[in-house]
Structures are given as structure tokens and as C-alpha cells.
Amino acid sequence: MNTLVEIDQLKTVLHATDEPIRAVDGLSLKISSGETFALLGESGCGKSMTALSIMRLLPDVGEIISGQIRIKGVDLLQLPEFAMRSIRGKRISMIFQEPMLSLNPVMTIAEQIHEVLTQHGRLSHSAAQQRIVELLEQVGIPDAEHRMHEYPFQFSGGMKQRAMIAIALAGEPELLIADEPTTALDVTIQAQVLDLLRQIQQRNHMAILLITHDLGVVAEMAQQVGVMYAGEIVEMANREDFFNHPAHPYTQQLFASLPEKHKRNHALAVIQGAVPSLAQTFAGCRFADRCQQAMAVCHENIPQWHSIADDHQVRCHLYDSKNQHAERSAVINDSVVFGALDKNADIEPITTVSPLLRVIDLKVHFPIRKGLFKSIFGHVHAVDGVSLQISSGKTLALVGESGCGKTTIGKSILQLIQPTAGSILFKNQELVSLSRSQLQKIRSQFQIIFQDPFSSLNPRMRIRETLLEGMNALRVSPLSDTHNEQEIDTLLQRVGLPIEVKWRFPHEFSGGQRQRIAIARALAVNPELLICDEPTSALDVSVQAQILNLLKSLQDNLGIAFLFITHNIAVVEYLADEVAVMYLGRVVEQGQVDEIMDTPKHPYTQALLSSVPKIKQDRVSPLIRLKGDLPSPAAPPFGCHFHPRCPRAMPICRETYPATSTFSNTHTTHCFLYSQES
Amino acid sequence: MPFDPVILWTDALIYLFVLMILIGMRYVRRHPHLLASWKRVGHSASGMSSLTVLLFFLLIGFLDTIHFRPALESTNAQSEPIYSVDVLSVLDILVTPLRIQVEKTYSAPLATHLYAKETIELPDGQQMRTFARLQYGGAHLQHLETEHTTDIWVRSLRGAGYGFAVWCLLLIALTAGLSKQDECSFKQSFGSIWQRTSEIPWYAILITLLVLLLLVGCVSALIGYYHILGTDKVGQDVLYQSLKSIRVALVIGTLTTLIMLPFALLLGIMAGYFRGWIDDVIQYVYTTLNSIPGVLLIAAAVLMMQVYIETHPDIFDTTAARADLRLLFLCIILGITSWTGLCRLLRGEAMKLRELEYIQAAHAFGVSHWRIITRHILPNVMHLVLIAIVMDFSSLVLAEAVLSYVGVGVDPSMISFGTMINAARLEMAREPMVWWALLAAFIFMLALVLSANLFANAVQHALDPRARTLRHSNRLKHRPHQSGKNTLPAITETNTVAKTNHHT
């Protein structure tokens, strides 16, 4: 194999606190040309620092203290800065997670690409323009000749990431570092971008260092996988070995904590504790404290690399030939890792009691105002006639891409946004047009959990005050202080936090802990319905498992109904009882979770499900790649909203919106492919 | 009674302000978590040393606030005491030599002769044009050429010596107090102060205090004999003027802010939080107010006030009362015109905050608007308010100078930095140049505003729960390859505060 990049014993420290943080601690890897190496790990384990070390673009507090980074034998760390400038963009390029932030908003796309071209070659103006068109066409931007003169705000999220890739490709790099390139994108767009990266790699024979936390993306893209934990790589393997026989206990536990359909009625396996602080020096294995198979030796000696197969190495004492445990643990699989099986399957029959919440033909339109007198110019049809119902103790998942109006539904159920039309019945009581004081009486029965654990808690209020707020606001007669304190203690214990935390401020907690506090805050008023607005999408896989377990146990113990707003299909499969798929303000398909997941009817649902990167390559349905982006809800397409992207569009789809098609008591869709009702 | 206490309007407001601070301190002392975060202010070395300087200024300002009218020596012992028409303050009494030793005209710092030549009549009847001897400055010297420099050195060293002695006493008292409090030996607590291991950075306070005491010692040893910072056009001591200006600066800086703050806070947050027609109304008000040139508005208001004062001379029993009312009115009108900037800033911030999820969550709980504003929005904009207040403080002191220049500032009989700077305009154009009045105003204002800025910065750092983890980064100065840069907002705010110092 011809090795393109070789990193040897790279050590990078950050001097951000008193103790230097060893963000990357002795990392070695090799990437061959034309190969994709995936660096997998949770947040804070040093993935991005590795990428920035390769580019030598570390923040001011960062310092590479030892190691070598060779690209075709040239050690980058020995080069002076001016030589490094000709390497960046020319031989190594990088694309970042947030396409909205990595393009300059006041420069056109063409100017931004031109910048790279002038840096690395002397092209005449016309040649450069031609090259820009070429690059943009290469990344699949339609009508590149005209669109290249547009500004980033005129591009959608997926288009921006394509433009970003075009900029990265402008210097024809040998290595492309992609730092979470699709994390900020929707699944259908993610599928497009991953496809594009694969095509470009084949065409240019380029190496890709893919940094991600998403096992699905790794499964779709990588040839080689390196698992990073606490600043070092703990396992390296090719894709097949990695997914079929994960060797390191950390990797195994990571797989076990993924929500999947067959784990529905079990608690997810959880990795106890948190990633250790990288400021300390480690005496033994870094994972030993959280490992379920830790031995005495793990705490004493630093494990060395052990080869399992040709291309499969792991840094774990279990595989040391001196340790007799090796045989036992090498064959470990999911079922053994599941320590936390707690409940048996108890699938209840569909109950026919009156639902807890009924949303009937809900519409939320936001006026677009323009001109001097702010006259209403048009409407954004954020939610356009949605009907849902949730029974108590059940979970309804609302699935869809960003911008389809999921969150707006959640907020209008809570009356945080006034609906334009339709009705919301909670226990047969109309919520729309209730006065503030009337609403106050029933507010405690439905609450919300937000996506971003960092902005959902007031940084200036201690946890105790945060929790007390809702209790005080919604309790008719104020209770004694001692009672309140007891209540807070119970709440914190219920969400799995020690009671001392109530005296602390939110910034002292990690994302997962903050999300627990946010859940405790919602629980403080004993709600019967909890609207969860993407509660786990900002969290790591292992933390996500903890939160999902918590939510599930709350439902089992307290009988709370969830409206679970998400774009993560795996979570839906794991948690939901019923699913509603939304597209551009309307529900296109609705049904029991099995019906939707196993026999999706609407072409959009089918495409959505097939776009989700799968770990096990057992795809039976063909891949459906959607073209283009979600249209603007200010001007939804005529007829069926989905027809411009639909692979099976018919002439009638352009004319009228399809009526309901029913497949079973619960399963309905809106599509002309199926027989229409009335 | 040998004196008749006088409470002017601004005095009353200052007493009220001090009372509010005392009540606030009492409140904080009773709430452990508030006390804990305020105690952190005490851990910042720059904050504590600037507090020391600031307290020194505040002390001078406060001494200058206690006003009274001394009794005149009456010929008839039985009759009612007659009080002087001059209103004096405690500060005036403390620095009596500065107040009463008035020369004829300009003299340079520490000089013995006037700065300008004048014709004097010699005893033999001849006239001579020369630099006349000062009436007070260096008047005790017999042999000018030989004694002048030595005398200054001896006196200032002696003064510094006294200052040092006082400092030593304070040091011993402090160390003894600390050792009693921590129950350790005298030597241990002395060590912990100077090895910088004590929680409160006593070393920083002590060093600042040493510098201050040495200066005060020198100055107090010299004031009876020399004009340390020279004299102005009418021969008044510039040091005295500078000391008197401190109160005016503090009054304008604090009272204006107090008047402006309710407008800015309430209207700004309301506009950003409620949006809709409330936002429109508030926006129209402040854009209109902003588009009227501030100086014109202030001039009109002050002139109206002036007319009122002049047509009702009977309601003021002293000139000081008149000047004081004008100062108060100036504060009010400055306050009314200067809230727009902060208001706009807070509106934007409130608009950002109202969309945040913790406020949405509060809505979901049905928390009242007033409670959301006070519990969620106000604490999260306090850092902006604090910075704006400190930045405004220096600009208000300067605004006073500009207004005095136009003739609508403080009463001409009142000494302020503004009138000093205004006078310096002519003095700088003079040949030879008179530089000391401007320099004195500059140094005093710089020290005052800088210490206020640094202290506000320390307060903001200590009170922001998020900034606490960052305090370590200051200790990394010894690492050459990194400058302690940090991307967090708390640090950039520090820079904005630091920048304002250049404006002064």
C-alpha cells in the first residue's frame, strides 16, 4: 500500500488551565492514498485537535510537543510557516462541521474559491473562472455558472457544504480532512454529501480523514477505522473487522448503547461515568474506570497494542497473551454487554380510551412583512393543517427534516406560539384562545424539554432556583420551604443526580447532566404530557443512551406521554409507539412504529428511512437518494409538496394535494400512489 | 454651636446612595451564595488595588460632602451666633492651608516666584520688572538658591517617612488581625501575605496603600510651605482645585447614572422582550430623543434653570446652594438625554434572550412577565449594564467639561475638572505655557476612571458564574508562546473596558 500520511506519536497539549491538557497523547496512524480513514470518538476525546495538529492550525493555547506528521515523507512539523502555507489547501484541505460558519458571508462563492486558486497557482482570470465552474459542477451545484456569483446566504445548508467542499478541492489536495462534515445536515442531505465525497474520492484518488461520532457514517464511508478515547487511539481495524468483531470494551459498549429497534423493550447499555480529565497522567488504561471487564492490571499498566487479525489492532490488556481472559472476552457480544436488561416485552394492545391530546387541523402561519408600512406580503406556512393524537403513557414521534415545522407544532401545543387555525384539545379541553390565567391552571400538565442543554438553563440561576421556578409559578397555594426542599431532592434523585447539585450553577455540568436537570425542571410540576424537542441530538451516543433510558423509565413509572420531536430514526425505532412523518408543514404518513418502519408507504418516508446510514449492511430496500433541498415553506410547491423531489411523481401530483389513504386502523398516508378516500 | 450643618440637595442624594449601598451590603451578608460570589471580588489583585485607590477618592469625595457653615467670631458673646455665608466642607478644614494660601497669579509647581514678570516697587522707590517672590510658596526660606531644593527633599522625605511609619503600623495591625483570625503565628500570617498565598491579595492592597501613604505623607509635609501643583490664574492652589473637583466628578458620574439607569433598563428590556407596539413606541421615543442634538437640549434646559435661579434668589441662602442645585439639574438633564445608547443595547440583548430556551421554558410554566424580566433577563444583561456604566462614567465627566466650555455646565463658582480643563484652553495657548493645571486634572481623572474601570471589571468577573473557570488563565503569563488569549466573551469584555481607559 502506498502510504500518504503517517502520523507518529503525535502529542498535542492545550495550556488552557493550570494543568496542561493532553488533548492528543501519542497518536499514530497511517492513511494510504484513495483510502478513507475514520477517526471515531465522543466529544472531547481529541479528534478535532488531531485534525488541527495536522493542519498546524491549533488555537493559541495549543502546542505540539512531540511526534511526526509526514505526508509523502515530508515532516510537516519541521516546515517553516511559509512552507506550511503552500501545503494547506494544496496538499491537505479541510472541511468543517458548520457550513454556515465556515463561509464568509460578504464574499461570493466564486471569490472564495478564487482565493484558494490564486494562493496555489497562477491561473489567468478566465481560466480561473472556468476552473471555478468546473469545481462547482463537480460538487453537484446546478447552474454553476450563475450561482457561483451568489453569496452564501443564497445557498441552502447542503449547498453551502458542497461549496465548502469545492473550496477544499480547489487546490487538488491529496488529503481531505472532513471534521464532522454532515453533523449539521439533515439525513437526506447527509446522504447526498456522503455520496458526493465518495464519488470525488474515487475520481481524484484522494485520501480522506473523516472525523465523526456517528457509527452509521463510519459504516457507509470508511475503509479503515480508528477509535479514539481520551486522547489516544484504542482500536484500529478495517471496516469489516470493526463492525463484525469490535474488540475493545469501549467500542463494544459504544455499540451496545446505540438505540435500535430490537432493543425496544430493554434499557440501553450505558457506559458509566464520564471521559476522564485529560489533565491527569494515566497510570493504567484510560478506560479502566468505566470498563465492565476491567482487571487489576488495567489500573496499573498502560496497555500496549495487541494484534488480533492482520489489520486489526487493539490497545487492551484483555488481548495480552499473558492474560488468560483473552479467550473469554474476545467473543463477547451484545447480549453479554447488556447488563441492564430489566423488563420483559409487554406490548399492550392498542387502547381505545380517549386520547390525552388531540391536535385537529392545526395551522401556524407566520406573516412576512415588507415595505415601509410593514404590510403583510405573504405567509410562511410553518404548520399547515396537522392532526395528531397522543394517548396517555404513549410516545408519538414526530419525524422530519429541519424546517418542516416539527418544533413549531411543539411550541403551539404549549401555546408558546399562537396557532393561526385549528384546535388543540387536551383532555377534551380546548387550549387555543384560552386566556393567560385560564391556561395557567392547566399548564402544569404539559411541559417541554429542549434540544440544546446549554441554552435551556439560565446560567445565572442555581439549579435549586431553576427547579423551584415552575413549582412556584404553577402551584396555587405555596407550600412550606422544607416541603419544597424535599421535592427538589426527590426530583434530582429521580433523574439520577446527587442532591448536592442543587446549590450549583448550570455551567458546572456536562451536556448530559444539564439535560437531566432540564428534565427534572419539567417533571417538577408533575406533567402528563412531555414534549421532547430533539432532547438527545446535541449529546454523545453514550450520553444519549442514558437520557433515553431515563425517559423510558419515567414513562414506565409515571405514565407520562411523550411527543418526541426528532430527526433521528434510530431513536424513533427504539422509543416510539406511533410515528408521524412530517414534510413541509404537513404530516405525510402516520402509523404504529412497526408499520412505518417496516412498510413505509409514502415515497418521502421511504427515502428518509433509506438515507439513514446503517451500521449493518443488510439493506433490503433499494437506496433512494432525494435530489435537491426542502423547498421554502413561504412558497410551498403546488399540489403535493413533495413532488419536485419525488422519484415517483405523476402529473396529478402537481395539481392537487392527495387525500388520505388508509392501510390499517392506524396507518394512513397522503399519496396518489395509493387508493384515495372519497 | 461653632457651626451650622448644611445639607445640600446632592449631599442628600449622596447620603441616600451610601445608605443604599450599606443596605445592599447587609442584604448580601445575609445570603451566603451572594456573599460567596462577592467574596470572589476580593480575590482579584487588580480589583483590590484599584478598590484601594477608589476608596481613597471616595473618602475625599465623602469628606467634601459633609457641609457646614462655620460661626463667625461675634463681638457680642450673648447674641445668637452668626454663621458665615461660605459653606465649607470637612475637606476644606483638613486642607485649610491650601484653601487660604492664595497667591497673586500663576506659579509653577513647587516654585518660590511667580510665573510672570511684574513691576514691583523696590524699597528705595525704584521700579523693577522681575519675578516676584510668592506670598506663601517657599516664604520661609532665607537663602533661596541654597536652601530651596534641599528643603523640598528634606520635607518630602520626612513626610514620606511618616507615611511609611503609618503603613508599618497598618501592616502590623493587619498581620496581627489575620493571625488571630486564622489562629496561626504572627510570622506565618506575615509570610502568607508576602508569599501571596493568602486568599485576599493583601500584598496588592498593601503595595497600593504604601504608594498612596508615601504620596499623602509627602504632600501633607509640603502643603503648608509650597504649592505642590502650582497655582492658577487667580493664584488658587491647583492641588486644592483638583481635590475639590473629585466630588463633582463623582456626583456627576454616579447621580447621572442613577437617573439614567431606570429608563434604560426598563424601557430597553421591555422593548426587546414584548416587541410589538411597545417596542415601536419605545423605539420612536429614543430615536426622536437621539436625533435632537444633546448639547442643545441640555443648553436649553440649563438656561431655563438659570433663569429660574436668578429670578428666585430668595430661595437660596448661600451661593453654594445655588451652585449645587444647578449641578443636580445638570445631572438630571444629562441622565435624561444619555439613556438611549444603553437602552438600544439592552433592547437588542433582550430580543436575543427572549428566544432562548430557558425563557421559553419559563413561558411554559406560565411565569409572569415581570418575573421573567427580573429573574431571567436582568441578571443576564447585568454585565452589559456594568460596562456601560463605567464607560459612561468617564464620558460623563468629560461631558461636564464640554458643557462648561459652552457655558452651560456647572456653576462658574464651582470647581470641577471641566472648569479646570476649560481654563487650560487659554493657559496652553499662553507663552510660556502653563501646563500644570491640565496635567493635574489629567492625572486625577486618569487615576479615578482607571481604578473605577478595573474595579468594575473585577466585579463583573467575580459575579459571572461562567467566567469563574477562566480566572486561571491569568496565571499563565510565564509561558512565552501564548498570550493567555481566550475566545470566551468574558475576556473580550475585559478588553473593551480596558480600551475606554485610552479615551481619558
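Read top to bottom, the protein sequences are chains A and B. Counting from 0, one number per residue, gives the positions in the first sequence under this note's numbering. Counting from 4, one number per residue, gives the positions in the second sequence under this note's numbering. We put the beta carbon where it would ideally sit given N, CA and C, even for glycine.
Those residues which DSSP pairs with residue i across a bridge
i, result
"residue 235/A", "225/A and 312/A"
"residue 357/B", "The partner list for residue 357/B (beta bridge, DSSP) is empty, contrary to what the question assumes."
"residue 369/A", "374/A"
"residue 93/A", "176/A"
"residue 652/A", "According to DSSP, residue 652/A bridges with nothing at all."
"residue 359/A", "422/A"
"residue 564/A", "397/A and 532/A"
"residue 577/A", "395/A and 591/A"
"residue 121/B", "133/B"
"residue 36/A", "208/A and 223/A"
"residue 448/A", "531/A"
Cβ-based neighbour list, residue i, same chain, cut-off 8 Å, excluding 5 preceding and 5 following
i, result
"residue 378/A", "364, 365, 366, 367 and 633"
"residue 332/B", "304, 305 and 308"
"residue 429/A", "422 and 423"
"residue 192/A", "157, 160, 161, 164, 180, 181 and 184"
Euclidean distance between Cα positions of residue i and residue j
i, j, result
"residue 402/B", "residue 414/B", "15 Å"
"residue 195/A", "residue 166/A", "14 Å"
"residue 480/B", "residue 207/B", "Its pLDDT being 37, under 50, residue 480/B is placed unreliably by the model, and the measurement read from it follows with that caveat. Distance between the alpha carbons of residue 480/B and residue 207/B is about 17 Å."
"residue 380/A", "residue 66/A", "56 Å"
"residue 215/B", "residue 227/B", "19 Å"
"residue 529/A", "residue 22/A", "38 Å"
"residue 340/A", "residue 264/A", "Reliability fails at residue 340/A, whose pLDDT of 40 lies under 50, so the model's placement of it is uncertain and the value that follows must be treated cautiously. Cα to Cα, residue 340/A sits roughly 9 Å from residue 264/A."
"residue 235/A", "residue 311/A", "6 Å"
"residue 169/A", "residue 157/A", "18 Å"
"residue 689/A", "residue 7/A", "For residue 689/A there is no data in the structure shown, the boundaries of chain A being 0 and 677."
"residue 464/B", "residue 41/B", "10 Å"
"residue 419/A", "residue 361/A", "8 Å"
Contact with chain A by residue i, beta-carbon distance below 9 Å
i, result
"residue 363/B", "yes"
"residue 36/B", "yes"
"residue 106/B", "no"
"residue 360/B", "yes"
Closer than 9 Å to chain B by CB, residue i
i, result
"residue 134/A", "no"
"residue 49/A", "no"
"residue 517/A", "yes"
"residue 99/A", "no"
"residue 520/A", "yes"
"residue 460/A", "yes"
"residue 735/A", "The question about residue 735/A has no answer, for chain A in this structure spans 0 to 677."
"residue 413/A", "yes"
"residue 501/A", "no"
"residue 369/A", "no"
"residue 405/A", "no"
Own chain residues within Cβ distance below 7 Å of residue i, not counting five before or after
i, result
"residue 215/A", "611, 612, 613 and 614"
"residue 532/A", "406, 409, 447, 448, 449, 450 and 564"
"residue 416/B", "322 and 326"
"residue 416/A", "363, 407 and 410"
Cβ of residue i within 9 Å of any chain D Cβ
i, result
"residue 426/A", "In summary, chain D is missing from the structure at hand, where the protein chains are A and B."
Close beta carbons around residue i, own chain, < 6 Å, minus the five adjacent residues each side
i, result
"residue 353/B", "272, 275, 276 and 380"
According to a CB-to-CB cut-off of less than 8 Å, which residues of the segment 365-383 of chain B neighbour chain A? 365, 366, 367, 368, 369, 370, 371, 374, 378, 379, 382 and 383
Using a Cβ cut-off of 8 Å, which residues of the segment 535-555 of chain A contact any Cβ in chain B, in chain order? none
Using a beta-carbon distance cut-off of less than 7 Å, what residues from the segment 429-458 of chain A approach chain B? 438, 439, 442, 446, 447, 449, 451, 454, 455, 456, 457 and 458
Using a Cβ-Cβ cut-off of less than 8 Å, give me the residues of the segment 522-536 of chain A that come near chain B, in sequence order. Within the segment 522-536 of chain A, the residues whose Cβ lies closer than 8 Å to some Cβ of chain B are 524, listed in chain order.
Interfacial residues, the segment 467-491 of chain A to chain B, with Cβ spacing under 9 Å: 468, 469, 470, 471, 472 and 473
Between the segment 195-215 of chain A and chain B, which residues of the former have a C-beta closer than 8 Å to a C-beta of the latter? none
So if I threshold CB-CB distances at 8 Å, which residues from the segment 109-122 of chain A count as touching chain B? Cβ contacts with chain B come from no residue of the segment 109-122 of chain A.
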